[in-house]
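>
Below is the structure:
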């Protein structure tokens, strides 16, 4: 312990200029961050906007410099350092460095975040688990990687170069991973496990380096680690993990809505993006309503046809909302175009499994609009000026789940209205919402997450918004929608024509040349998912020009032309 | 000159110690014993493997094969605790440049339970070191003195100095030497291993000498034995001696006995170094080999002369090998 403190004191004494600079950047960040909590902060522009953005970049640079100076004080690379032939215990040396990082990087950062949370008017006690979780993530993404690279380099220049090369290398691997796993739904638990594995592996390499100073081996480990993570990501049983974390919902149950009118109404033109077909399917709830709102997170599709089988992993969904309020719910299915082309004219058995989040509805709560701020559910706070302008509502670390808000508003600024609030002219009750479907921990050095109330009067347009004002003392009603459960449900459609989902392709005319004229001529042909009616126009050189009229579904012209 | 430690632990012992860097051998099958209380000079030209040998002893590098023990511990297990008894000073050592000499000593004190503050002050005065000056502002000689000052106060049992005198002016060299000799004159003197590429730097203080060349150990023995053993031999030849008077053979150089180091044949004189100083044997060898030998004179040699002769000899052997390969 003595040796730990002795080395720590030496480092603290020597590195105090770097410590002061890091603290200065931290303080500057803490003082500039609240500017971005205000509505329309982007419109302020100029230096006022630039400073918080610059400080966001400067903070990791300050950490990098301090960690570099700290680790390189007793460099682990090379064989000429004086300390390696002195009675330095490697464990004590490492512990002293870790203590330094904790006291001069982690603790000040926590204090800065606590200050910002308090400054925003929020209660820090309500978000201590998030605060701690955030520090772990910060360590895993910044402090530990910086420390690991510093441990295998001999000076700041080499560290910076290694870091830049490392970022390029990670970018390349990320691009490869993204290409291979394009759009796949990666279970959050797997992402967290991956991050924990990454941090622990880096820590192991750091400990190994301090214990043995086998720099080449540790460099090899650092190089191999991202590849290992990528491979683990590729071979991870994401499908079963997703299913495992999303038990099947017993209720409600859903099915494809086969009502032709609904199909036609629901289906817009399938969108092809980057070789993927986005199909919209009309669905309907076949059990009684549970009063929950469902947000789709991901879907896996299985397509079976005679001699054909295709199955997809779980892919991210486009956030389809199957709330009870939605009259005509649809779900989006993504299928590679080459798969789609193979079965577009063939009836298939389509099996879809969705993972979704179910949101409930809490009883409405009522608050009075207060100046300078009034509370919002889930430990939030919405600022209010005397004029009646509501600022962005603030939350610590993560936004609340969606909250519907209704309140009486005024078309005029409140301080210009002479009459008392209760006797003000009747104004429409405005309904809006705050919060987010995404309940994940936000990752910004600023712990305050904001959500805009966006008060505009009915009849406003995007170009000409008519601001609404919430006057002091007005009742504000909140209806929050907490996450009740996460689960999965399946939808199966037998003998379903994927191509029939093409809106506007239910009938059409083709005029052109076909080689294999379907006998007999002028006969209506039911070609699985479409009905064709041919009419010959002219024959020449054993080729016939025909007009073809098809109904229901799309015509696979290339197939006929072969 | 010195009184060995009562303990029977051999300060340094190696067996077939080898180190390769890729295809290059830095050390080959080095086996030696450094006796307790010795001032052991590890001599050899640049690139002979002296620094590598020291780094293997201190577990800074790991040997390709063979074993070494230092103060009774396998070198591979040398860690923090062992360095309370081992001192290492090198011309290439990277010191914490931002510290003053005082700060360095203050920093190091708490690492050593046996740190002798009185001795530290005595040495600081003796070595005349500017204590308040930062290490980065010290001259080469002052840095070496500061390094030495930072290892002597904890009374190490083994002091290893890697090229400590390299590039130093004679005054500083003397100051450092005096500092070391003072330690060696203590009732329980430390064992001192000094590496140098120039024997003249260490011959005045070395009790033992080891000669390394291209990773090979040529000899390792007491200095006095060495000077007793080696002789400069001068043979006066008959002026009219025909070339045929030399023994019949191939090349004149290779015609001399293997023990004759660096033979130089003049018009009437042949000079060489002989490693076995028994005059009768030398005369008998000369008379057997040279038919026209008239007189044989032998002279004792200084350690430096022995070192230079051996260095030249091994170098010319290398050249011969290279020439032979070309042919």
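Protein chains in written order, with my numbering: chain A, 11 to 572; chain B, 3 to 329.
For every residue, glycine included, the Cβ atom is placed at its ideal position computed from N, Cα and C.
The structure presented is a predicted model; accordingly, all values stated were derived computationally and were not measured.
Return yes when the Cβ of residue 404/A is within less than 8 Å of the Cβ of residue 460/A, no when it is not.
Yes, they are a contact pair.
> Out of 59/A, 110/A and 377/A, point me to the one whose CA is closest to residue 80/A's CA.
The candidate whose alpha carbon is nearest that of residue 80/A is 110/A.
> Using the Cβ count rule (16 or more neighbours within 10 Å means buried), how would you classify residue 219/A?
The residue in question, residue 219/A, is buried, as its Cβ has 16 or more Cβ neighbours within 10 Å.
> With a threshold of 8 Å between beta-carbons, can residue 95/A be considered close to chain B, or not?
Closer than 8 Å to some Cβ of chain B, the Cβ of residue 95/A qualifies, so yes.
> Under the rule that 16 or more other beta-carbon atoms within 10 Å means buried, what is residue 307/A, buried or exposed?
Buried, because 16 or more other Cβ atoms sit within 10 Å of the Cβ of residue 307/A.
> Grab the span of the alpha helix (DSSP H) containing residue 167/B for me, first residue to last.
No alpha helix (DSSP H) holds residue 167/B; DSSP gives it neither H nor E.
> So with Cβ pairs under 8 Å, would you call residue 166/B a contact of chain A?
Not one chain A Cβ lies under 8 Å of residue 166/B.
> Residues of chain A with CB closer than 9 Å to the CB of residue 65/B, please, in chain order.
Here the premise fails: no neighbours, minimum Cβ distance about 14 Å.
> Can a CB atom of chain B be found closer than 8 Å to the CB of residue 21/A?
No, residue 21/A lies away from the interface with chain B (no Cβ there is under 8 Å from its Cβ).
> Pull out every residue of the segment 75-89 of chain A whose Cβ sits closer than 7 Å to any Cβ of chain B, in chain order.
For the segment 75-89 of chain A, which is checked against every Cβ of chain B, the residues closer than 7 Å are 89.
> Is it right to say residue 101/B is buried, meaning 16 or more other beta carbons lie within 10 angstroms of its own, or is it exposed?
Under this definition residue 101/B is a buried residue.
> Measuring alpha carbon to alpha carbon, tell me which residue in 128/B, 198/B, 217/B and 190/B is nearest residue 331/B.
Limits of chain B in this structure are 3 at one end and 329 at the other, which puts residue 331/B out of reach.
> Determine the direct distance from the alpha carbon of residue 190/A to that of residue 348/A, and round the result to whole angstroms.
Rounded to whole angstroms, residue 348/A to residue 190/A spans 16 Å at the Cα level.
> Buried or exposed: residue 433/A, going by 16 or more other Cβ atoms within 10 Å of its Cβ?
Note that residue 433/A scores 48 on pLDDT, short of 50, meaning its location in the model is unreliable and no value can be drawn from it.
> I believe residue 213/A touches residue 159/A by the beta-carbon criterion, under 8 Å. Please report the beta-carbon distance rounded to the nearest angstrom.
That belief does not hold up - the Cβ atoms of residue 213/A and residue 159/A are roughly 13 Å apart, past 8 Å.
> So which residues on chain A does residue 94/B lean against when the C-beta distance must stay under 7 Å?
Those are 90, listed as they occur along chain A.
> Is the beta carbon of residue 183/A closer than 8 Å to that of residue 456/A?
Not in contact: residue 456/A and residue 183/A (Cβ atoms no closer than 8 Å).
> Tell me the rounded alpha-carbon separation between residue 27/B and residue 21/B.
So the two alpha carbons sit approximately 6 Å from each other.
> When burial is assigned at 16 or more other CB atoms within 10 Å of the CB, is residue 21/A buried or exposed?
So residue 21/A counts as buried.
> Quick one: grab the DSSP three-state call for residue 144/A.
Residue 144/A falls in the helix class under three-state DSSP.
> By Cβ distance below 7 Å, which residues in the same chain neighbour residue 310/B in space, the five residues on each side in sequence not counted?
The answer is none, since no qualifying residue turns up.
> Of the choices 40/A, 139/A, 250/A and 497/A, whose alpha-carbon is the least far from that of residue 302/A?
Among 40/A, 139/A, 250/A and 497/A, the Cα nearest to that of residue 302/A is on 497/A.
> What are the complete alpha helix (DSSP H) segments, minimum 4 residues, inside the segment 60-100 of chain B?
None, since the segment 60-100 of chain B contains no complete alpha helix (DSSP H) of that length.
> Indicate whether at least one CB of chain B lies closer than 8 Å to the CB of residue 16/A.
Yes, its Cβ sits closer than 8 Å to a Cβ of chain B.
> Give, in chain order, every residue of the segment 108-120 of chain B whose Cβ lies closer than 8 Å to some Cβ of chain A.
Listed by position along the chain: 109, 110, 112, 113 and 114.
> Answer yes or no: do residue 386/A and residue 458/A have a C-beta to C-beta separation smaller than 8 Å?
Against a cut-off of 8 Å, the Cβ pair of residue 458/A and residue 386/A comes out as no contact.
> What residue range is occupied by the uninterrupted alpha helix (DSSP H) comprising residue 12/A?
Counting along the chain, the alpha helix (DSSP H) containing residue 12/A begins and ends at 12-24.
> Using 8 Å as the cut-off, can you tell me whether the segment 77-95 of chain B makes contact with the segment 159-175 of chain B, which would need three or more C-beta pairs spanning the two stretches below that distance?
These segments touch.
> Let me know the secondary structure DSSP gives residue 297/B once reduced to three states.
Residue state, collapsed to three classes: strand.
> Could you tell me whether any Cβ in chain A is nearer than 8 Å to the Cβ of residue 159/B?
Answer no: the Cβ-Cβ gap between residue 159/B and chain A never drops below 8 Å.
> With H, G and I counted as helix, E and B as strand and the rest as coil, what does DSSP make of residue 454/A?
If DSSP states are grouped into helix, strand and coil, residue 454/A belongs with coil.
> Just curious, the beta strand (DSSP E) that residue 210/B is in, first and last residue?
Segment 210-215, the beta strand (DSSP E) holding residue 210/B.
> Between which two residues does the alpha helix (DSSP H) containing residue 351/A stretch?
Counting along the chain, the alpha helix (DSSP H) containing residue 351/A begins and ends at 347-353.
> Can you pull the DSSP bridge partners for residue 320/A?
In the DSSP output, where bridge partners are listed per residue, residue 320/A has 313/A.
> Does residue 220/A have its Cβ less than 8 Å from a Cβ in chain B?
For residue 220/A, the answer is no, since every Cβ of chain B falls outside 8 Å of its Cβ.
> Could you spell out the range, first to last residue, of the alpha helix (DSSP H) harbouring residue 284/B?
Start and end: 281-291.
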